[in-house]
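Trainee:
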Amino acid sequence: MIVRRVLLSPLLLILAVTGQLAVVNRMPLPGGGGTPDLVLLVVAALGVTAGPMTGLLAGFAGGLALDVAPPGGHLAGEYALVFCLVGYACGRIRELVQGASAERSAITSLTVMALGVAAGEAGKAGLGLMVSDPNVTGPVIRHVVPAAVVYDLLLCPFVLWLVALVVGAPVTEHAPQVRFPQAFRWAPAFRLASAGAPPGLRLAGSSAPLVPPPVRSEPRLRLASGRSLFLSGTIPAFSTARPALSGGRPAKLNFSSSGRGNQLAGSSALRAARTANFQGKSPAKGWLRSGKQAGAAATTRRPNSPGKGWARGDIPTAPVRRPNSPPKGWVRPSRRASAQLGAWQQRSPGKGWARGPKPANGGPARRPGSPAKGWARTGRLSAPDSWRRRSPGKGWARTGLPTAPGSWHRQSPGKGWARTGLAVGPPSWHRQSPGKGWLRPAKPPAAPRVKSPGRGWLRPAKAAPAPRRKSPGKGWLHVAKPPKQNWYTRSPSTRWLRRGRRKRLLLGGRR
Amino acid sequence: LHQARWTRPVLVALLVIAIALITLDFRDGGDSSVHKLGADVFGPIERVAGDAASPFVGFFHAASGNDSGEIANLQKQNDQLRAELSQNQVSRADEAQLASLLRLASHRYRVVAASIIAAGGEYSDTVTIDAGSAQGVAPNETVLNGDGLVGTVTSVTSGTATVQLATDGGATVGVRTADTNQIGALTGTGGTMANTGDLRLTLFSATAVLHAGESLVTFGSVGGRPYMPGVPVGQIISVTSQPGALTQTALVQPYVDFSGLGVVGVAVPQSGNATTGKAAAHGKARK
Chain A
1 MIVRRVLLSP LLLILAVTGQ LAVVNRMPLP GGGGTPDLVL LVVAALGVTA
51 GPMTGLLAGF AGGLALDVAP PGGHLAGEYA LVFCLVGYAC GRIRELVQGA
101 SAERSAITSL TVMALGVAAG EAGKAGLGLM VSDPNVTGPV IRHVVPAAVV
151 YDLLLCPFVL WLVALVVGAP VTEHAPQVRF PQAFRWAPAF RLASAGAPPG
201 LRLAGSSAPL VPPPVRSEPR LRLASGRSLF LSGTIPAFST ARPALSGGRP
251 AKLNFSSSGR GNQLAGSSAL RAARTANFQG KSPAKGWLRS GKQAGAAATT
301 RRPNSPGKGW ARGDIPTAPV RRPNSPPKGW VRPSRRASAQ LGAWQQRSPG
351 KGWARGPKPA NGGPARRPGS PAKGWARTGR LSAPDSWRRR SPGKGWARTG
401 LPTAPGSWHR QSPGKGWART GLAVGPPSWH RQSPGKGWLR PAKPPAAPRV
451 KSPGRGWLRP AKAAPAPRRK SPGKGWLHVA KPPKQNWYTR SPSTRWLRRG
501 RRKRLLLGGR R
Chain E
1001 LHQARWTRPV LVALLVIAIA LITLDFRDGG DSSVHKLGAD VFGPIERVAG
1051 DAASPFVGFF HAASGNDSGE IANLQKQNDQ LRAELSQNQV SRADEAQLAS
1101 LLRLASHRYR VVAASIIAAG GEYSDTVTID AGSAQGVAPN ETVLNGDGLV
1151 GTVTSVTSGT ATVQLATDGG ATVGVRTADT NQIGALTGTG GTMANTGDLR
1201 LTLFSATAVL HAGESLVTFG SVGGRPYMPG VPVGQIISVT SQPGALTQTA
1251 LVQPYVDFSG LGVVGVAVPQ SGNATTGKAA AHGKARK
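Laid out in structure tokens, this is it:
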């Protein structure tokens, strides 16, 4: 695209200059003597579509060409100055207005371009006054500028369209849509039918599930060690913070979906956004699995999943995000991305918040005490598919993006803003995204200074820096010993302590 | 992208360059060598583009009568003949007077016909014609068409010439009234090409009386440059005597329809020297 720009922009400018001088200026157009300024239009359009750098270069070149081309009746450099500023301003304003979302809407581009063109016409007149051009006098300006601006505005859409076509930058550019499998599309319907509760949830106190759950056998949760203390340890910590689901009723998690929900909700929002190949790697011994698919969505997705019970992110992937995916026995507790999201991670789930292998036994949904406002929405979904769709996070949005060297990544998430990259529901929601739909990674809730809930309850603290280096990332938890695994030999590093000692170490390091 | 980092330095650099150009050009009175360079570069392009665009522009000039390419060609010849005829008539009528005034009797003019290939923007009444030094056109030569005075040549390249129209805000033409021989200066009002501006006449004599309807011809300059004498310019449409002003001023409507300019002639002085003869031969060969 760069090459195309470099080659075609000058051509466009030369065409505009000659067309302006040889055709447009010679036409006896009605209305006060103003003529449209093709060069100004092209410059503004280039700035809008191709950025401030292209805009200012094109502006300088085009303006200088108009200045020195034969019948130029004004000083050399006048139009170069004005057009240069216009091109730069158009690109910059467009970036500022739309840069945060990296989406382009034609309306905004057009508005910016129109403003730039009008400013350019005014600038031409103003500079002419400043250099005391005998032709630029008050009456002439009063006649010429309005007519010229009107002509320019009329031509704006066509020039913008043409320039976008030539330069190869789309005028309208939405964030990439995520392709959901068919089953995902049904998830909202199920959610609706179950009054907000995901299909895998049964509401406490309701005699029967509103939606007949799919036939399944007893959920099998294959925990690492299957120790009940591990599970029971979660109760005091989380049950109080159990989020109210829609309707204000606490949800009772079905165990099968809770296992999966935990795993997906807690750890794989981002991971699922990466793709199948990632998914293919990640499941290791320590991963939690639900023995059966929870819902229709999962059932359809099963053929692709690496194994029974594994959910698969459907988003086209970017690079393999986790080459150093944890070896067996490791679980990723928090939904967080790779190292690039370090800042985010620090803020987001908070200490002690990450949860991976801790299925609350029938306990709250996977995010009790959900930390942010933005999470209110997620709280009522627990089926992995729907949850994932709403899961925020920068890394989540980036997966589907065109990975062209464009500046999208650089510009896109504003500071402190995490982006829900996935269009949930109507695309219009997504398009307006820098507004409502943006989730702000909120401050972590105050770390609950509870006592360790029990034996086996680990806190993913920031302590133990040395082992962290070896760990797949911040926030990874070591799962308790897999049942029939020689966990000791498979530990990622000898520097990792075993559970009993590690707890002491972690808690100690926290102080 | 690395663009973002360099955008602002580049912007500043280009702005500085632009301001420097403006300054230089201002110092040189709008005639710095940059313009010459630009004319050399863009002249040929404009010749091609102007020729190619002529039918389209002619279509828009349909009201004025220039319709298609062939008609334009005929019009070209016609205009040339008319220009010569007009010149002859003017010359014959005023021969004695001119001779006594400026001793121009020995001057003969050859009219080089040229068509307009480009025009300046809304703030300058300048046009480019497709005849240049190769046709013998030189700066400060009078440009006219069948109706009257068009302007004067300001700069020349080998194939193109830039003409400052009489309506340009920077143009000042010495004129006299055809009947009473009152002399004055005619300045453009900066009216644009599309909006034919009227010219403003300022008489030199405080006692002279102007009447609406009087016609003006050029007074002439030394050596016929930049305006040769006797070319009809326009007609007084209204006389305004401002209180406190010493002399009368008048608004003059030019004979030439500046918005519909298609073909003009450049009056090239014919003297006996070799270079002009050669240029004339060139011009003939081209035609």
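These protein sequence lines map, in sequence, to chains A and E.
Each residue of the first sequence is one higher than the one before, starting from 1 at the first, in the numbering used here.
Each residue of the second sequence is one higher than the one before, starting from 1001 at the first, in the numbering used here.
Glycine included, C-beta positions come from ideal geometry on N, C-alpha and C.
(1) Since E:Gly-1170 and A:Pro-134 should fall inside the 8 Å C-beta cutoff, what is the C-beta to C-beta distance between them, to a whole number of angstroms?
(2) Check whether the Cβ of E:Ala-1194 lies closer than 8 Å to any Cβ atom in chain A.
(3) So, helix, strand or coil for E:Ala-1113, using DSSP?
(4) Does chain A have any CB closer than 8 Å to the CB of E:His-1211?
(5) Do we get a CB-CB distance below 8 Å when we pair E:Gly-1050 with the residues of chain A?
(6) Would you list the one or two residues that DSSP bridges to E:Asn-1145?
(7) Measuring only between beta-carbons, confirm whether A:Arg-26 sits less than 8 Å from chain E.
(8) Taking 7 Å as the cut-off, is the beta-carbon of A:Val-166 closer than that to any non-hydrogen atom of the ligand FAD?
(9) Between E:Met-1228, E:Tyr-1123, E:Pro-1254 and E:Ile-1045, which has its C-alpha nearest E:Ser-1238's C-alpha?
(10) Taking the alpha carbon of E:Leu-1165 as the reference point, which residue from E:Leu-1144, E:Thr-1157, E:Phe-1026 and E:Ile-1183 has its own alpha carbon closest?
(11) According to DSSP, is E:Leu-1210 part of a helix, a strand, or is it coil?
(12) Which residues in the same chain have their Cβ closer than 6 Å to the Cβ of A:Gly-87, if we skip the five residues on either side of it in sequence?
(13) With distance defined between alpha-carbon atoms, name the residue in A:Gln-20, A:Met-27, A:Asp-37 and A:Val-3 nearest to E:Leu-1261.
(14) Output yes if chain A places a C-beta closer than 8 Å to the C-beta of E:Ile-1116; else output no.
(15) Are the beta-carbon atoms of E:Leu-1021 and E:Val-1034 separated by less than 8 Å?
(16) Taking the alpha-carbon positions, what's the E:Asp-1028 to A:Gln-98 distance?
(17) Can you list, in chain order, the residues of its chain with a C-beta nearer than 7 Å to that of E:Met-1193? Leave out the 5 residues immediately preceding and following it.
(18) Could you name the residues of the segment 1222–1238 of chain E whose beta carbon sits closer than 7 Å to any beta carbon of chain A, in the order they occur along the chain?
(19) For A:Leu-81, return the contacting residues in chain E, with the cut-off set at a CB-CB distance below 8 Å.
(20) Which residues of chain A have a Cβ atom closer than 8 Å to the Cβ of E:Asp-1079, listed in chain order?
(21) Select from A:Trp-161, A:Val-159 and A:Cys-90 the residue whose C-alpha is nearest the C-alpha of A:Gly-120.
(22) Between the segment 1227–1241 of chain E and the segment 1139–1157 of chain E, do at least 3 Cβ pairs fall closer than 8 Å?
(23) List the DSSP bridge partners of E:Leu-1251.
(24) Can you tell which of A:Gly-63, A:Pro-30, A:Ala-61 and A:Ala-65 has its C-alpha closest to the C-alpha of A:Pro-146?
(25) Below 8 Å on the Cβ atoms is my contact criterion, and I expect E:Leu-1186 with A:Cys-84 to pass it. Report the Cβ-Cβ distance as a whole number of Å.
(26) For A:Pro-30, name the three-state secondary structure that DSSP assigns.
(27) DSSP three-state call for A:Thr-35: helix, strand or coil?
(28) Scan the segment 1121–1144 of chain E for residues whose Cβ lies nearer than 8 Å to a Cβ of chain A and list them as they occur along the chain.
(29) Taking just the CA atoms, how far does E:Val-1153 sit from E:Ala-1113?
(30) Does chain A have any CB closer than 8 Å to the CB of E:Leu-1011?
(31) Have a look at E:Trp-1006 and E:Gly-1030 and give me their C-alpha separation to the nearest angstrom.
(32) Is the beta carbon of A:Gly-19 sitting closer than 8 Å to the one on A:Val-82?
(33) Output needed in chain order: residues of the segment 35–54 of chain A with a Cβ under 9 Å from some Cβ in chain C.
(34) List the residues of chain A that E:Val-1256 touches, going by C-beta distances under 7 Å, in chain order.
(35) Hey, is A:Tyr-151's beta-carbon within less than 8 Å of any beta-carbon in chain E?
(36) If the criterion is Cβ atoms closer than 8 Å, does the pair A:His-74 and A:Gly-34 meet it?
Mentor: Taking the coordinates as given:
(1) 4 Å
(2) Residue placement at E:Ala-1194 is poorly supported in this model, since its pLDDT is 44, which falls under 50; the coordinates are not used for a value here.
(3) Three-state result, E:Ala-1113: strand.
(4) no
(5) yes
(6) E:Gly-1148
(7) For A:Arg-26, the answer is yes, since a Cβ of chain E falls inside 8 Å of its Cβ.
(8) Among the components modelled here there is no ligand, and therefore nothing to report on the ligand FAD.
(9) E:Pro-1254
(10) E:Leu-1144
(11) coil
(12) Val-43, Gly-47, Gly-55, Leu-56, Ala-58 and Gly-59
(13) A:Met-27
(14) yes
(15) yes
(16) 44 Å
(17) The predicted position of E:Met-1193 is uncertain, since its pLDDT is 47 and thus under 50; a value taken from the coordinates is nonetheless stated next. Ala-1119, Asp-1125, Phe-1258 and Ser-1259, listed in sequence order.
(18) Listed by position, the residues of the segment 1222–1238 of chain E near chain A (Cβ gap below 7 Å) amount to none.
(19) Leu-1015, Ala-1018, Ile-1019 and Ile-1022
(20) Here the premise fails: no neighbours, minimum Cβ distance about 16 Å.
(21) Closest option to A:Gly-120, judged by alpha-carbon separation, among A:Trp-161, A:Val-159 and A:Cys-90: A:Cys-90.
(22) yes
(23) E:Arg-1200 and E:Ser-1238
(24) A:Pro-30
(25) With 8 Å as the limit, E:Leu-1186 and A:Cys-84 do not qualify as a contact, their Cβ atoms being about 38 Å apart.
(26) The three-state reading of DSSP puts A:Pro-30 in coil, since its state is none of H, G, I, E or B.
(27) coil
(28) Gly-1121, Glu-1122, Tyr-1123, Ser-1124, Asp-1125, Thr-1126, Val-1127 and Thr-1128
(29) 13 Å
(30) yes
(31) 32 Å
(32) no
(33) Here chain C cannot be found, since the structure's protein chains are A and E.
(34) Chain A residues near E:Val-1256: none, gap ~14 Å exceeds 7 Å.
(35) no
(36) Against a cut-off of 8 Å, the Cβ pair of A:Gly-34 and A:His-74 comes out as no contact.
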